[in-house]
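Residues in the sequence shown are numbered consecutively from 6, following the numbering used here. Cβ coordinates follow ideal geometry from the N, Cα and C atoms, glycine included. Because the structure is a prediction, the values reported are computed rather than measured.
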Amino acid sequence: MKNLENLGAKFWHEPSIVGRHADVLLPPHLQPELLEGMKTFGMTVENFIEDVQQLIDEETSGSAAAEGRIALDKYATLEQINEFLAEQNRLHPDITELYSIGKSYEGRDLNVLKISRGGATKGAIWLDANIHAREWITSAVAINTINELLNGERQGWTEDFDWYILTVYNPDGLVYTKSTDRMWRKTRSPGFLCKGADANRNFGFHFRDGGSSTNPCSETYSGSEAFSEVENQHVRDEINKISKELVAYISLHSYSQYILLPFGHNNRRIPQYDAYMDLGRRIAQATAARYGTQFVHGNIVDLLC
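Written out as structure tokens, the structure reads:
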């Protein structure tokens with residue numbers, strides 16, 4: 006299955022152990038031969054999206070944010086997101102701080118909005134979004150989180166914790182998905198044969214210890230070395246600055262309805278495993294109660310590998 010990538014297929018859910026499903030996007034010219042081959046090998050094939058390009062076209066024409074002010078129920082451009090952050094900082098100067106933790110490879114700011122009420126030192130919560138360029142919904146969730154913390158029902162949460170919110174981890178990739186390739190996932194750094202790396206697999210903790218690729222053209226390419234991507238370097242440095250206060254690190258992703266808990270390299274139980282699982286269960290229950298959406302919680306390896 007993994008060899009399909011060399012033919013131009015894109016995995017949305019990676020093949021792992023025998024018996025688990027994989028989701029793969031097949032270019033039209035490959036479909037007849039590959040689908041027949043899968044059936045020959047006894048694989049069960051289900052076609053659950055007939056025309057991905059049609060969905061992209063509908064999304065682009067029907068839900069793209071208009072020029073000007075951001076709309077909280079529309080996908081925003083990077084410029085609109087940055088304008089929203091600046092506006093919230095202007096409206097709430099006493100409890101917000103807007104700053105750049107560094108530049109992306111192409112020179113765009115990685116803007117963090119800190120939200121804090123009161124001068125006492127509190128536990129810090131880090132939240133980031135759009136580490137994968139095509140996952141637009143994640144920055145939309147981050148924006149709505151900011152709005153709730155500053156203007157909505159959750160303002161009290163900022164009295165108990167300091168919030169550090171990086172709405173767009175991968176700004177170069179996001180811009181590229183808007184202008185050129187809606188399905189682009191990686192950063193935009195130069196590389197041999199293909200551009201970019203999967204920033205989510207570029208951290209120094211158990212680098213290349215499963216779940217990533219050494220193929221520069223793969224969507225899960227880990228990069229030439231740990232922290233090869235400048236965006237990851239900036240986030241690492243910022244996390245180190247607030248590490249003594251950090252009580253939670255939340256990274257928003259889309260595709261599949263999971264609440265993923267550490268670790269990502271093996272399924273060894275982390276300290277306070279039961280507390281983490283209870284938290285995941287309560288998040289899933291609250292989400293289902295409000296939206297009817299069913300999320301599954303658990304260890305990353307148990308659920309994805």
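Cβ neighbours of residue i in the same chain (closer than 6 angstroms, five flanking residues each side left out)
i      : result
His137 : Arg190
Asn156 : none
Chain-order list of residues whose beta-carbon lies under 7 angstroms from that of residue i (same chain, five-residue window excluded)
i      : result
Leu40  : Val50
Arg159 : Glu153
Asp114 : Ser105 and Lys108
Glu164 : Arg122 and Gly123
Asp283 : none
Tyr254 : Trp131
Pair within 8 angstroms by beta-carbon distance, residue i and residue j
i      : j      : result
Val240 : Tyr181 : no
Lys127 : Asp99  : no
Trp317 : Leu251 : It is not possible to answer for residue 317, since the shown part of the chain is limited to 6 through 310.
Leu59  : Ile75  : Per the sequence shown, residue 59 should be read as Gln rather than Leu. Contact flag unset, no.
Phe89  : Ile142 : no
Pro176 : Ser121 : no
Gly297 : Ile264 : no
Glu234 : Thr192 : yes
Leu83  : Val117 : no
His18  : His26  : yes
Asn237 : Asn207 : yes
Ile54  : Arg187 : no
Ile275 : Tyr281 : yes
Leu179 : Asn135 : yes
Val301 : Gln277 : no
First through last residue of the alpha helix (DSSP H) which encompasses residue i
i      : result
Tyr104 : Note, Tyr104: premise wrong, no alpha helix (DSSP H); beta strand (DSSP E) at Thr101 to Lys108.
Tyr181 : Pro176 to Ser184
Ile86  : Leu83 to Leu96
Nearest neighbour of residue i, chosen from the options [CA to CA]
i      : options                           : result
Ser144 : Ile120, Ser256 and Tyr281         : Ser256
Asn304 : Asp279, Ser194 and Glu111         : Asp279
Cys129 : Thr101, Gly123, Val306 and Tyr169 : Residue identity differs from the one stated: residue 129 is Ala in this sequence, not Cys. Minimum Cα distance to Ala129 is reached at Tyr169.
Leu308 : His270, Asn156, Met188 and Ala91  : His270
Glu92  : Leu266, Ala14 and Ile151          : Ile151
Boundaries of the beta strand (DSSP E) in which residue i is found, first to last residue
i      : result
Leu284 : It is not in any beta strand (DSSP E) - Leu284 instead sits in the alpha helix (DSSP H) that spans Tyr278 to Tyr296.
Phe212 : That residue, Phe212, is in no beta strand (DSSP E); it is neither H nor E in DSSP.
Trp162 : Careful: Trp162 lies outside any beta strand (DSSP E), inside the alpha helix (DSSP H) at Trp162 to Asp165.
His18  : Lys15 to His18
Beta-carbon proximity list for residue i, same chain, < 8 angstroms, skipping 5 on both sides
i      : result
Glu230 : Phe212
Gly209 : Ala231, Phe232 and Arg241
Cβ-heavy atom distance, residue i to the ligand PLP, below 7 angstroms
i      : result
Gln160 : No copy of the ligand PLP appears in this structure; indeed no ligand is present at all.
Is the stretch 242-257 touching the stretch 219-234, taking contact as three or more C-beta pairs under 8 angstroms?
Put simply, the stretch 242-257 does not touch the stretch 219-234. Fewer than three CB pairs are less than 8 angstroms apart.
Take every Cβ of the stretch 224-234, pair it with every Cβ of the stretch 194-210, and state whether three or more of those distances are shorter than 8 angstroms.
Segments in contact, yes.
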